[in-house]
Structures are given as structure tokens and as C-alpha cells.
Amino acid sequence: MDLGLNGKWALVCGASKGLGYGCAAHLVQAGCHVVIAARSAQPLQEAVAKLQAMKPGVQVIGVACDVTTEAGRQAIWDAAGGPGTDFDVVVTNAGGPPPGDFRDWGREQWLAAIDANMLAPIELIKRTVDGMAARGFGRVINITSGAVKAPIDILGLSNGARSGLTGFVAGVARSGIAAKGVTINNLLPGAFETDRLKQTMAGAAKKADKPVEAVMDQRRQTIPAKRFGTPDEFGAICAFLCSQHAGFINGQNILADGGAYGGTF
Ligand code: NAD
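Here the sequence shown is numbered in this note's numbering, starting from 200 and rising by one per residue.
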């Protein structure tokens with residue numbers, strides 16, 4: 200299937216590994232030039248080399264920055280320069296806030312979560328959608344979480360900040376830009392086998408004094424598919440939503456969780 204992304208420019212945040220990397224890989228395979236952003240320079244450069252090797256002729260630019268800060272976002276525009284700054288596709292993504300008890304969180308923790316998981320994507324949308332609308336094509340995908348649909352109590356910071364983004368997107372996706380070929384959707388991961396998931400599982404295993412593989416297996420059994428998702432299949436969904444075929448999917452929350460969410464809707 201021709202995704203219609205050949206020669207377009209994408210910004211993919213949090214893309215040196217995990218779900219963001221999966222998205223960047225599928226966009227590159229579709230012929231899209233990509234600017235990838237992540238915090239640490241070394242894994243970022245390794246990711247750039249791997250992506251570059253996938254598709255000769257496609258440009259891959261890495262920017263080591265924290266996308267949750269204004270300075271970090273500006274670094275993307277400064278480093279990318281030229282046509283790359285007219286992004287046709289933007290995938291917003293950053294690390295999730297830490298788990299905990301809401302009684303322990305103060306204003307500082309809340310503001311950090313809101314900065315990372317609500318305001319950073321909103322700022323990236325603000326910088327890009329009018330240009331997309333003027334050119335008649337644009338796709339924004341926000342990587343949020345299955346916790347938006349089925350909140351997890353210890354992830355209160357994530358539940359709150361990401362729900363704020365979800366409400367904002369529901370409005371802006373249906374604004375004037377919708378008639379100009381721009382779509383904004385949220386992609387909600389359930390449990391995907393990434394470094395983050397492995398770290399969470401290692402923490403849970405330590406707490407329960409159990410082998411990590413036993414804890415992971417227990418978790419797999421809670422998913423109807425009886426397995427974790429892979430960054431590769433997440434990336435394929437993202438690339439389809441960015442494609443020319445997905446122009447009528449807008450303002451949606453698309454859950455990829457192996458059937459874990461139990462509701463009818
Ligand atoms: P990961 O730790 O495997 O990868 C995260 C990537 O984002 C890395 O490249 C890292 O450098 C980059 N990154 C993190 N914070 C950044 C920042 N402030 N600025 C720039 N780059 C940054 O994580 P993942 O599993 O791919 O998760 C991606 C997102 O999806 C997270 O927000 C996570 O909370 C959410 N999520 C993941 C799962 C899962 O099962 N993996 C489930 C639900 C939600």
C-alpha cells in the first residue's frame with residue numbers, strides 16, 4: 200500500500216527507542232524524511248544510523264533535546280532548518296510521569312507532568328498545524344496512553360495530564376484546520392515491550408520479590424492477546440494514521456492494547 204508519504208517531512212519526538220522509534224522506522228520505510236528528537240545523544244545517533252540505513256535517499260536528522268522545554272523545542276527548529284521545519288507529520292511523545300500516591304504530589308510534580316504530557320504536544324501542534332493547513336495536508340499523532348480510557352490509580356499524574364491533552368485535541372482537531380486536510384489523533388498504547396515496560400516490570404518484580412519473567416508473564420495473562428505489543432506494530436499503526444488513506448480519521452483516540460480494555464466502546 201502506498202502511504203502517500205514519500206518525500207514528506209516528519210518530526211518524531213522521543214524516537215531514539217521504544218514506540219517513537221517504531222513510528223520513525225515506519226515513516227522512513229514509507230519514504231518520509233524524519234527529524235527525530237530524544238534526550239541522550241548516543242542512543243539518538245545510533246537510531247539515526249539505523250534509520251538512515253533502512254532507506255537510502257531519505258534524510259534523517261537527530262536532535263538531542265528535551266522536548267518538554269521551550270529551549271528543547273526551539274533546538275529542533277534550529278537544527279532541522281530548511282524544508283524540514285515545514286513538517287507534514289508530527290508525532291508527539293515524551294516519557295511518562297512517575298507513579299505514586301496523589302497525596303505526595305505537590306504543584307511542582309503536577310506542573311512537570313502537565314509540561315511533559317499536555318503542554319509540550321500543544322506547543323508542537325501550535326507551531327505546525329497552520330503551516331500544514333496552508334499546504335493542504337497534515338497529520339499529528341499524539342502518543343498518549345491506554346490509561347486515558349482506563350485510568351490506573353498510581354498513574355494519577357499521567358491520567359490527569361494526558362486527559363487534559365485529550366480534551367484539547369478533541370476541540371482543535373474539529374476546528375477550521377479539519378477542512379484543510381489536517382488531522383490530529385491520539386494513539387493510546389496498552390502494554391508494549393519497550394525499555395520503559397521492562398523497567399516498570401523490574402520494579403514490580405523487586406517489590407514482589409519475584410523473578411522479573413514471572414511478573415511479566417503474569418501481566419501478559421491479563422491481556423486477551425496473551426502477549427505484549429511490539430514497537431514495530433505500533434509504528435505501523437502510526438504510519439497508517441499519517442497516510443493519505445487516513446484523512447477521514449480525525450479527533451480520535453485509537454487504542455492498541457491487545458484487547459485489554461474491557462468496555463464495549
Ligand atoms: P521508552 O522509554 O522505551 O522510550 C522513550 C523515548 O523517548 C526515548 O527515546 C527517550 O530518549 C525519549 N524521551 C523521553 N523523554 C523525553 C523528553 N523529555 N524529550 C525528548 N525525548 C524524550 O518509552 P516507550 O515505552 O516508548 O513510551 C513512550 C510513551 O508511551 C511514554 O510517554 C509512555 O509513558 C507511554 N506509554 C508506554 C506504554 C508501554 O507499554 N510501553 C504504555 C502506555 C503508555
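Ideal Cβ positions, reconstructed from N, Cα and C, are used throughout, including at glycine.
Worksheet item: Does at least one heavy atom of the ligand NAD sit under 8 Å from the Cβ of residue 395?
Response: yes
Fill in: Touch test, the region 221–237 against the region 422–442, Cβ-Cβ under 8 Å, three pairs minimum
yes
Fill in: Straight-line Cα distance separating residue 268 from residue 362
20 Å
Worksheet item: Hey, residue 356 and residue 320 are a contact pair by Cβ (cut 8 Å); roughly how many whole angstroms apart?
Response: Going by Cβ atoms, the distance from residue 356 to residue 320 rounds to 15 Å, so no, they are not a contact pair.
Fill in: Cβ-Cβ separation, residue 212 to residue 257 (assumed contact under 8 Å), whole Å
Contact doesn't hold; Cβ gap of about 18 Å is too wide.
Item to complete: Give the DSSP-derived three-state secondary structure of residue 276 in the structure shown.
Response: helix
Worksheet item: Do the region 239–246 and the region 296–311 make contact, defined as three or more Cβ pairs closer than 8 Å?
Response: no
Worksheet item: So, using beta-carbon positions, are residue 261 and residue 236 closer together than 9 Å?
Response: yes
Worksheet item: Does the separation of the CB atoms of residue 316 and residue 383 fall below 9 Å?
Response: no
Practice prompt. Check residue 204 in the structure and name its three-state DSSP category.
Written response: coil
Practice prompt. For the beta strand (DSSP E) holding residue 250, just list the boundary residues, first then last.
Written response: Element bounds for residue 250: not the beta strand (DSSP E) but the alpha helix (DSSP H), 240–253.
Discussion item. Going by DSSP, what residue range makes up the alpha helix (DSSP H) through residue 221?
Written reply: 217–228
Item to complete: Compute the beta-carbon to beta-carbon distance between residue 414 and residue 407, rounded to the nearest angstrom, for a pair I have assumed lies under 8 Å.
Response: 6 Å
Discussion item. Can you give me the C-alpha to C-alpha distance between residue 344 and residue 411, rounded to a whole angstrom?
Written reply: 23 Å
Worksheet item: For residue 242, is the beta carbon positioned less than 8 Å from some heavy atom of the ligand NAD?
Response: yes
Worksheet item: Among residues of its own chain, excluding the 5 on either side of residue 358, which ones have a beta-carbon nearer than 6 Å to its beta-carbon?
Response: 346 and 350
Worksheet item: What's the call for residue 292, buried or exposed, on a 16-neighbour Cβ count within 10 Å?
Response: buried
Worksheet item: DSSP puts residue 450 in a beta bridge; with which residues?
Response: Residue 450 is not bridged to any residue.
Fill in: Rounded separation between residue 398 and residue 440 - CA only
29 Å
Worksheet entry | 9 Å Cβ cutoff met for residue 381 and residue 326 | no
Fill in: residue 286 (DSSP reduced to helix, strand or coil)
coil
Fill in: For residue 212, the three-state DSSP class (helix, strand or coil)
strand
Worksheet item: Based on Cα-Cα distance, which residue from 429, 336, 215 and 227 lies nearest to residue 446?
Response: 336
Discussion item. Using C-beta distances below 7 Å, list every residue in its chain close to residue 442, excluding the 5 sequence neighbours before and after it, in chain order.
Written reply: 202, 203 and 204
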